[in-house]
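A.B. asks:
Number of protein chains: 4
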Amino acid sequence: MSIPTDVLTQLEHQSIELPSWAFGNSGTRFKVFETPGTPRTIEEKIADAARVNTLTGLAPAVALHIPWDKVGDYAALAGYAEGLGVKLGTVNSNTFQDDDYKLGSLTHSDPAIRSKAIDHMYECIEVMNQTGSQDLKIWLADGTNYPGQGNLRARQDRLANSLAKVYDRLGDEQRMVLEYKFFEPAFYHTDVPDWGTSYVHCAALGEKALVCLDTGHHAPGTNIEFIVAQLLRLGKLGSFDFNSRFYADDDLIVGAADPFQLFRIMHEVVRGGGLDPANKVAFMLDQCHNVEGKIPGQIRSVLNVQEMTARALLVDSAALEAAQNAGDVLAANAVLMDAFYTDVRSDLAAWRESRSLPADPMAAFASSGYQEKINADRQGGQQAGWGA
Amino acid sequence: MSIPTDVLTQLEHQSIELPSWAFGNSGTRFKVFETPGTPRTIEEKIADAARVNTLTGLAPAVALHIPWDKVGDYAALAGYAEGLGVKLGTVNSNTFQDDDYKLGSLTHSDPAIRSKAIDHMYECIEVMNQTGSQDLKIWLADGTNYPGQGNLRARQDRLANSLAKVYDRLGDEQRMVLEYKFFEPAFYHTDVPDWGTSYVHCAALGEKALVCLDTGHHAPGTNIEFIVAQLLRLGKLGSFDFNSRFYADDDLIVGAADPFQLFRIMHEVVRGGGLDPANKVAFMLDQCHNVEGKIPGQIRSVLNVQEMTARALLVDSAALEAAQNAGDVLAANAVLMDAFYTDVRSDLAAWRESRSLPADPMAAFASSGYQEKINADRQGGQQAGWGA
Amino acid sequence: MSIPTDVLTQLEHQSIELPSWAFGNSGTRFKVFETPGTPRTIEEKIADAARVNTLTGLAPAVALHIPWDKVGDYAALAGYAEGLGVKLGTVNSNTFQDDDYKLGSLTHSDPAIRSKAIDHMYECIEVMNQTGSQDLKIWLADGTNYPGQGNLRARQDRLANSLAKVYDRLGDEQRMVLEYKFFEPAFYHTDVPDWGTSYVHCAALGEKALVCLDTGHHAPGTNIEFIVAQLLRLGKLGSFDFNSRFYADDDLIVGAADPFQLFRIMHEVVRGGGLDPANKVAFMLDQCHNVEGKIPGQIRSVLNVQEMTARALLVDSAALEAAQNAGDVLAANAVLMDAFYTDVRSDLAAWRESRSLPADPMAAFASSGYQEKINADRQGGQQAGWGA
Amino acid sequence: MSIPTDVLTQLEHQSIELPSWAFGNSGTRFKVFETPGTPRTIEEKIADAARVNTLTGLAPAVALHIPWDKVGDYAALAGYAEGLGVKLGTVNSNTFQDDDYKLGSLTHSDPAIRSKAIDHMYECIEVMNQTGSQDLKIWLADGTNYPGQGNLRARQDRLANSLAKVYDRLGDEQRMVLEYKFFEPAFYHTDVPDWGTSYVHCAALGEKALVCLDTGHHAPGTNIEFIVAQLLRLGKLGSFDFNSRFYADDDLIVGAADPFQLFRIMHEVVRGGGLDPANKVAFMLDQCHNVEGKIPGQIRSVLNVQEMTARALLVDSAALEAAQNAGDVLAANAVLMDAFYTDVRSDLAAWRESRSLPADPMAAFASSGYQEKINADRQGGQQAGWGA
């Protein structure tokens, strides 16, 4: 057994939130392919997410996206989820699909449109009140495509004002997490392009405002683990949106494109106390399964996070610190690499079994007949998607 | 007058092909906004394109996209276009929206799907036979999202075989232009990612196969004018897809993001003989007008190309060569910059007027009432788009 | 005359600081080429810089780099400069060339090395006391080449502590400007990689600590003008290091690689009040003339900044704001482009003459015989360079 | 034992060439740090390289760099190397450090300088004649820093002519490998920027000209394994320069920055027959050990290549092909990941011992006293470096 008991103990508490939209169809501007068994309703999405949790023990919460997951009775929805062993998590706002938001939402030059966007945030907070969700996630598509199209400075000022209005509505136990994104769908500038911008707004708002770090939202070459370390140091890391990328915001399965990067990120999470529940860092997925199976895609994802967390916990921090302080570059690097190259998979499988979970959740899903059943059952209706 | 007569003479022959799809709606995976007056049919797209030509004298051809622009009678369509003063140009194939192409088309591991894609290319050649178009443009969305998903090498071999079958069907005056693209919609690898790959396939096929260079399809930092110079040197530059980008394949208005880059590209075009009609380099736009007006967006685009071509033609090539050979770095650079910084706009306006064109095509369009008319006329029906 | 008087009035106050090291030899890790006439001493560097000022009226200050420009008597040096019509400007610290700094300086795990680096900063402040310089510029080469080599978090904490000690030593009229850099010479992480990191340290230190923005120190695709706007909004833009780049920190002549980007940056400077002397934004060059003439390279650079500032001042801000508020994307963009494409060069030449400056400073330098004279005079000794 | 016998058999033949310059000092334009024990002569470099081979059994050849490794009697040098159990490998030409090459070498506009550069290549071929080396490696620093500085097209034509003259001088068993590089030391364009350019020149020259792929010489995001597959398909992959990078041409230890990328590259090498000695692909390192120990840095590097080759050989190709043909994206990816995540280290250690090599070459070197001995012995003289 290469994984010590104390590592397994820490893994017991790991919890990864699944995005409801990962179970719907997604794609690119060129094509969204439909797939058999795709949920038509939020209830079906939750059922699929719950299945991921049943098989892995890792995913006890489902993030909602409003209005995609709008229902009449959120308390009932929360009850339905609870019945399946999961709870409702982060509420994701959407101010990018209404025609009014073509040129901006919280930053729009027209006060009426800003008000509309703020009202949508209030609506999301109301959903949170009913579901008991902790976090309102704000990702803004706001930005411009052409130099001169907007006043960069004025848009920042309007953003600050709009966010303040939303912040003031938060309950005592509620938080706002502000996501940044380098580009897309805006192609000249985005109004929250980097962690620095998200940070300065959150710092101005107060302690209930925190930064959301999506691992796919950075410029090429950005050292993401540095940002993780910095935000933990500043006490402002609210949540992760996990996925992976080769080029842009590819939204591939977390750990698929650069597993070593995921390892380095988890190493900083561990070092900075990000696994400590007291620090309330939320770990979420935000992915698109355009060509692969959605439920197995989510299973693969949470397993990737768990495996990499295990490797990060295996780092011999005393040896690492000693090598760092001795200025022994190769030895310090070797301590990290030794943990990264350790094959934790069979140990985790055995531990999983000891907890009455399938040793191989991927195989267990494949042989469960669940996919065949939903393929047969979910006929008719409108398959869920992004509604683009 | 800062523009000499011989430059104006060369500009007289400039011709830029407009993409029919630029007049339809486009957007991102997050949202495609609808706009008043958007064409419902290829005839309406051609009418809009013809208007761009009427106002600028620069855009006498319209590229088709099959199946988006499919009609029963292409000869009739060509006649319709001719009646509006334009002709039908490049035929763009589409092997990325049928469900069968989810994992590839010309490169697919299933011979039946490869055959289907080849048949689509044959269909496009048949359209060309009827429209008199010169070029079949092949842009492939083929690629993979995850390492291991496909066999990179086998896919190249299948691509070569498929292209050979298409090539053999070309008429004596017909050409195939093979477009390359760095990424999107595939996120791990694309089967024709760079000019080198397009070139080796075209070289293997024969002289009727040429490279299509889309200015937005390169890795960050790529020196595009070098590729232009190289392909002209190799006799393999078939056509341009003009647009501009800050990040990825943003498809912004040509010259909008980096006007100096467009200037350098046109400088290599001029130097390499690319403006000489005998060399048959096709100049096309391939853009998306997600947030700006589509017809004025196209007018702005062709004017940008014309203005930058004028600047490139102003380069004092004797002085440039002398400075280059003297090793005078700053003087050589200054020759280029002097042309770039020359304001050609008023001269071009005057020249335009002398040719019975509006001095200011943007203003002429705005005051023409055309947009208001199509807004009013084009009610009902399905606005054209990418059909994603 | 296309440049209005009020624009010329604003240009009168423009002042660009020249880096002493631009007059010495520079190169890459592959080769530093020597050139005739290169200064051997700081006095000769100042003489060259003063010549740039004489010919352009734009460069009344010279930045020092310690220890490259170390002298026994800084008051005498200031007097010498004054005699040539220039003053001594920013003092640049150097904690990257002593063997002790191989693994870090202000962030080093060894307190003795941190102390040594802090003492060097104190030494620089002492130089400032004697020269009357306003700014201590801190650029850190600190970083690591391999994951695990250093403790990212601990290094931040040590950086904060070290900076605080330096800050406390600043006089009432003195400032610290903290430069950030994406990568190089460190290749895995740098300790101040982005504006956000520089900002959080400056914010913690106090109002005499400000961010230094080097235009070549960003990830590919970064929207630099957004950062300019944001830092002006936050009151934390201390200074610019101007240069340009195609790939990495190429340190090419400002405006040479992407003139439109320089325009957009100057547009935000103008909009954000950065030209107002009361806001004390320092404009410096930081460039390498590896293959071109050094003095004409500096002349070309300051002229580029002046010309682009003139274009930025020509932006019709009322029309721009109207188009922005109307949501007219193309019109708003056109307002910017109209200013950018205006050829200001002949107007500036005429204005220069009216101020008893040469109409064409490049030609004036070439015909002045200055280069020939220094080539002949500066024989023997050690040509100045980076001392790498 | 997780590594099957046939994999170990294939590993037996693996051979990685070490660059002589890796044992000398290297650094950045900011600083080259000296280190105790650094070789002063090519004989000392070879001794260090031989030690890497003794400890790993992986590095039986040493690449030379002319003129850095110039000696009077190459036959004697080859004999010296043989006595230490290694042979002399690739000869690397250098046309970037003589003052004449400031603006180019094989591409220079001055025929006298081109002749000088060609003569240098002839000199290198003469060295090969004496050492029995197979490959002449040509990496060109040729390029420009400013648009207009050079004629991109004319430089290509001159390059072709110069290369032809060099090619004609090659013996029957000799090859030319032409390296490409995205940027640095030139910052606007390089004359051989990408694999396509290297390929078209090699294809024009003939079968003794092949492409050299340096893993650090690509644009951000480039899919390198695709290029490997393509060049193997075209029969034009001559050699690798292994190293790794986070940003630019960082020249870090191979596998250090992105181990999964190295795995994917080795997967394509295996699939394309690149391990078959009959295909004569040369595997070389080209790295800089700026902050870490040089000999252990080289040991770590060859072990990284061996370990990753082992993982690539573990890929279950039948299962992979089946999953690919079935269109099972996740299963196909899982086949690759299963091999990547297999911990091969203890098996390789045991196998190493069975071949009378140290189980842990890094530890064996550390405890051997070799470093302490050379630190003591190599006093005085000039430490080897790049001579920049």
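Chains as they are written, first to last, in the numbering used here: chain V, 12 to 399; chain G, 12 to 399; chain B, 12 to 399; chain D, 12 to 399.
The C-beta atom is built at its ideal place from N, Cα and C for all residues, glycine as well.
The structure displayed is predicted, hence computed values, not measured ones.
So the candidates are Ile136/D, Pro78/D and Leu163/D; which of them puts its Cα closest to the Cα of valine 177/D?
C.D. replies: The shortest C-alpha separation from valine 177/D is found at Ile136/D.
A.B. asks: What is the DSSP secondary structure of tryptophan 362/G, reduced to helix, strand or coil?
C.D. replies: helix
A.B. asks: One question on the structure: do lysine 148/D and valine 188/D come within less than 7 Å of each other, judged by their Cβ atoms?
C.D. replies: yes
A.B. asks: Any beta carbon from chain G within less than 7 Å of proline 270/D's own beta carbon?
C.D. replies: The Cβ of proline 270/D sits no closer than 7 Å to any Cβ of chain G.
A.B. asks: Tell me the rounded alpha-carbon separation between isoleucine 306/V and aspartate 287/V.
C.D. replies: 28 Å
A.B. asks: Any C-beta of chain D within less than 7 Å: which residues of the stretch 116-142 of chain G qualify?
C.D. replies: Ser120
A.B. asks: So, helix, strand or coil for glutamate 28/B, using DSSP?
C.D. replies: strand
A.B. asks: So which residues of chain V does valine 313/G contact, with C-beta pairs closer than 8 Å?
C.D. replies: The contacting residues do not exist; valine 313/G stays about 17 Å from chain V at best.
A.B. asks: Take phenylalanine 271/G as the anchor and find which of Val281/B, His278/B, Asp261/B and Phe257/B has the nearest alpha-carbon.
C.D. replies: Phe257/B
A.B. asks: Look at the Cβ atom of leucine 75/V, then the Cβ atom of valine 43/V, and state whether they are nearer than 7 Å.
C.D. replies: no
A.B. asks: Contact check, glutamine 241/G vs threonine 67/D under 8 Å by CB: the rounded distance?
C.D. replies: With a Cβ gap of about 41 Å, glutamine 241/G and threonine 67/D do not count as contacting.
A.B. asks: Starting from isoleucine 149/V, follow its DSSP beta bridges and name the residues at the other end.
C.D. replies: Leu189/V
A.B. asks: What residue range is occupied by the uninterrupted beta strand (DSSP E) comprising valine 211/V?
C.D. replies: Where valine 211/V is concerned, there is no enclosing beta strand (DSSP E), although the alpha helix (DSSP H) it sits in stretches over 206-216.
A.B. asks: State the Cα-Cα distance for the pair leucine 19/B and glutamine 21/G, rounded to the nearest angstrom.
C.D. replies: 38 Å
A.B. asks: Taking the alpha helix (DSSP H) that asparagine 386/B falls in, what are its first and last residues?
C.D. replies: 381-388
A.B. asks: For asparagine 64/B, which residues from the same chain have a beta carbon less than 7 Å from its beta carbon, with the 5 sequence-adjacent residues on both sides left out?
C.D. replies: Ala70, Pro71, Gly96 and Val97
A.B. asks: Any beta carbon of chain V sitting closer than 7 Å to that of leucine 163/B?
C.D. replies: yes
A.B. asks: Enumerate in chain order the residues of its own chain whose CB-to-CB distance from histidine 212/D is below 8 Å, with the five nearest sequence positions on each side excluded.
C.D. replies: Excluding sequence neighbours, histidine 212/D sits near Leu170, Ala171, Leu174, Leu189, Val203 and Ala220.
A.B. asks: Under 7 Å between beta-carbons, which chain V residues line up against aspartate 354/D? List them in chain order, please.
C.D. replies: Tyr352, Thr353 and Asp354
A.B. asks: How about the stretch 120-134 of chain D and the stretch 225-240 of chain B: do they share at least three Cβ pairs that are nearer than 8 Å?
C.D. replies: no
A.B. asks: Between the stretch 222-232 of chain B and the stretch 190-202 of chain B, do three or more beta carbon pairs fall short of 8 Å?
C.D. replies: Three or more Cβ pairs drawn from the stretch 222-232 of chain B and the stretch 190-202 of chain B lie within less than 8 Å of each other, which places the two stretches in contact.
A.B. asks: Beta-carbon within less than 6 Å of phenylalanine 34/D's beta-carbon, same chain only, minus the 5 sequence neighbours each way: which residues are those?
C.D. replies: Pro50, Lys56, Asp59 and Lys305
A.B. asks: Measuring alpha carbon to alpha carbon, tell me which of Leu216/G, Val313/G, Ser144/G and Gly217/G ends up nearest leucine 296/G.
C.D. replies: Val313/G
A.B. asks: Is the Cβ of lysine 113/B closer than 7 Å to any Cβ of chain D?
C.D. replies: yes
A.B. asks: Would you say glutamate 303/B lies against chain G (beta-carbon separation less than 7 Å)?
C.D. replies: yes
A.B. asks: Whole beta strand (DSSP E) runs in the stretch 105-168 of chain V with 3 or more residues, listed along the chain?
C.D. replies: 146-150
A.B. asks: Flag leucine 242/D as yes if its beta-carbon sits less than 7 Å from any beta-carbon of chain G, otherwise no.
C.D. replies: no
A.B. asks: What residue does the beta strand (DSSP E) around valine 222/D start on, and which one ends it?
C.D. replies: 220-225
A.B. asks: In chain order, what residues of the same chain have a beta carbon less than 8 Å from the beta carbon of alanine 323/B, not counting five sequence neighbours either side?
C.D. replies: Phe274, Met277, His278, Val280, Val281 and Ala350
A.B. asks: Suppose the cutoff is 6 Å on Cβ atoms and the five residues either side in sequence are ignored; what does the same chain contact list for glycine 392/D look like?
C.D. replies: Arg51
A.B. asks: Cβ atoms of glycine 396/B and asparagine 36/B: under 7 Å apart, would you say?
C.D. replies: yes
A.B. asks: In chain V, which residues lie less than 7 Å from asparagine 234/B when you measure between Cβ atoms?
C.D. replies: His200 and Pro204
A.B. asks: Kindly indicate which residue of Gln185/B, Ala86/B, Arg311/B and Glu93/B has the alpha-carbon position closest to the one of phenylalanine 376/B.
C.D. replies: Arg311/B
A.B. asks: Looking at tyrosine 157/B: is its Cβ nearer than 7 Å to the Cβ of asparagine 344/V?
C.D. replies: Against a cut-off of 7 Å, the Cβ pair of asparagine 344/V and tyrosine 157/B comes out as a contact.
A.B. asks: Looking at the strands, I want to know which residues DSSP matches up with lysine 98/V.
C.D. replies: Ala72/V
A.B. asks: Here's the rule I'm using: 16 or more other beta-carbon atoms within 10 Å means buried, otherwise exposed. How should glutamine 309/V be labelled?
C.D. replies: buried
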